[in-house]
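With my numbering, the residue at position 78 of the sequence shown is 115, and numbering never jumps.
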Amino acid sequence: MISLKRIKKQIFDFTVKDILKTPPVNCNPTSNLVILSQSYHRDLFMFLIAAKSFAYFVRPKSFIVIDDGFTRSDKEIISHHLGAAEFISTHNISTEGCPTGGTWERLVSIINRCTDDYIVQLDSDTVTRDYPDEVAVCVRENRCFTLSTLQGRTVAPVQETATFADNIDSSHVQILAERAMRKLPSAESLRYVRGCSGFAGFGRNSVMIEDLKQFSKSMEQLLGGLDTWKQWGSEQVASNFLIANSDQALMLPFEHYPYWKPGINIAHAKLIHFIGDNRFSGGEYIRQAKQAIQNLGRK
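The structure is reproduced here in structure tokens:
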């Protein structure tokens, strides 16, 4: 029996297939911005909508696609639509001692590439609907950014993070890691933000692979081993930590960069993250995707 979730996804794909009729991205070879995304075959249309709706407002130099299962045909379609796209298979990425899977290959790739360019990490389930001026400023000023959440709008000392997590009844790896941060070496000088790694910017030379490796090693030890630390969500913890400890990091205002669920006000949204179980609730994702496709057809 086909699940309701799968049926909704099939309806979405059928409704937004005109993304294939929109003109290719006109990349800007003089830009210092590279868009990096990890995706796979089932999310091809979602990925194209995310990448092209963002590039409509902010033209990148190129795209890096972390290939988690695209077909040869998919790659031909992506190459046509994105203009300048480099594909890297997840199987060919070393996480350099950090966990594997769970988008760790993506984070390691970002850090290794931001030695040369400003890297924007863009999830496939996003739609950019207006000019993201805060993001453009961060790119211009080489400042990192990430999505805020209802529980994480500001960068804070890790001691505050740990105290906050103490009051959450959960054994999720993110909560366990946040509680343990007070025990990190030099914890008194470290910061954290309860953000979302679905849309994040990494300034050139703003974060270093050695910092990621040390953080991952410390968390693995504090949480009692790799089996806990490698769980889904640990990559987001690491991304939040690295960005929070970069120079002048910006938390994107939730009012302009929200995630979607029924009841969330998106009237002033510039980019919407259609995350998790609420992705197809209320038909908003389809409406925003169709509007993005219409906009793309105007260029």
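Even glycine gets a Cβ: it sits at the ideal position worked out from N, Cα and C. Everything numeric in this text was worked out from a predicted model, so none of it was measured.
Checklist line | DSSP state of residue 104 mapped onto helix, strand, coil | finding: strand
Check: By how many angstroms is the C-alpha of residue 146 removed from the C-alpha of residue 229?
Finding: 21 Å
Margin query: Please classify residue 249 as buried or exposed, where buried requires at least 16 other C-beta atoms within 10 Å of its C-beta.
Written below: buried
Check: residue 4: buried (16+ other C-beta within 10 angstroms of its C-beta) or exposed?
Finding: What is shown of the chain runs 38 to 336, which leaves residue 4 out entirely.
Item checked: For residue 73 and residue 103, believed in contact at Cβ under 8 Å, the rounded distance -> 7 Å
Notebook entry, point to check: Do you know offhand how far residue 171's Cα is from residue 294's?
Noted result: 10 Å
Next item on the list: Could you tell me whether any non-hydrogen atom of the ligand GTP is closer than 7 Å to the CB of residue 47?
Entry: In the structure shown, the ligand GTP is absent, as is every other ligand, since no ligand is present at all.
Notebook entry, point to check: How long is the line joining the alpha carbons of residue 299 and residue 306, rounded to whole angstroms?
Noted result: 14 Å
Next item on the list: May I have the straight-line CA-CA distance separating residue 241 from residue 233, to the nearest angstrom?
Entry: 20 Å
Next item on the list: Using beta-carbon positions only, say whether residue 287 and residue 59 come within less than 8 Å of one another.
Entry: no
Check: From residue 44 to residue 83, what distance separates their C-alpha atoms?
Finding: 15 Å
Next item on the list: Answer yes or no: do residue 155 and residue 235 have a C-beta to C-beta separation smaller than 8 Å?
Entry: no
Next item on the list: Check whether the region 92-101 touches the region 116-123, counting contact only when three or more Cβ pairs, one atom from each stretch, lie closer than 8 Å.
Entry: yes
Next item on the list: For residue 141, count neighbouring C-beta atoms within 10 Å of its own C-beta (all shown protein chains included) and say buried if the count is 16 or more, exposed if not.
Entry: buried
Note to self: Am I right that residue 185 and residue 290 are in contact with their C-beta atoms under 8 Å? What's the rounded C-beta distance?
What the structure shows: 7 Å
Item checked: Distance CB(residue 144)-CB(residue 275) smaller than 8 Å -> yes
Notebook entry, point to check: The alpha helix (DSSP H) with residue 280 in it runs from where to where?
Noted result: 271-281
Next item on the list: Compare the C-alpha of residue 189 against each of 71, 283, 277 and name the closest.
Entry: 277
Item checked: Cutoff 8 Å; reference residue 152; Cβ partners in own chain excluding five residues on either side -> 241, 242
Margin query: If you reduce the DSSP assignment to three classes, tell me which class residue 285 lands in.
Written below: coil
Check: Where do the N-terminal and C-terminal ends of the alpha helix (DSSP H) with residue 118 fall, by residue?
Finding: 109-119
Margin query: Taking the alpha carbon of residue 64 as the reference point, which residue from 54, 76, 88, 52 has its own alpha carbon closest?
Written below: 88
Checklist line | Runs of alpha helix (DSSP H) wholly within the region 47-112 (minimum 4 residues, chain order) | finding: 81-94
Next item on the list: With DSSP as the reference, label residue 128 as helix, strand or coil.
Entry: helix
Note to self: Taking a contact to mean a Cβ-Cβ separation below 8 Å, would you say residue 56 touches residue 164 in this structure?
What the structure shows: no
Check: Where residue 314 and residue 272 are concerned, what is the direct C-alpha to C-alpha distance, given to the nearest angstrom?
Finding: 20 Å
Next item on the list: Identify, in the order they occur along the chain, each residue of the same chain with its Cβ nearer than 7 Å to the Cβ of residue 195, setting aside the five sequence neighbours on each side.
Entry: 218, 219, 221, 224, 227, 228, 229
Next item on the list: Can you have a look at residue 41 and say buried or exposed, based on whether 16 or more other CB atoms are within 10 angstroms of its CB?
Entry: exposed
Margin query: Once the 5 residues before and after residue 198 are set aside, which same chain residues still bring their CB inside 6 Å of it?
Written below: 215, 218, 229
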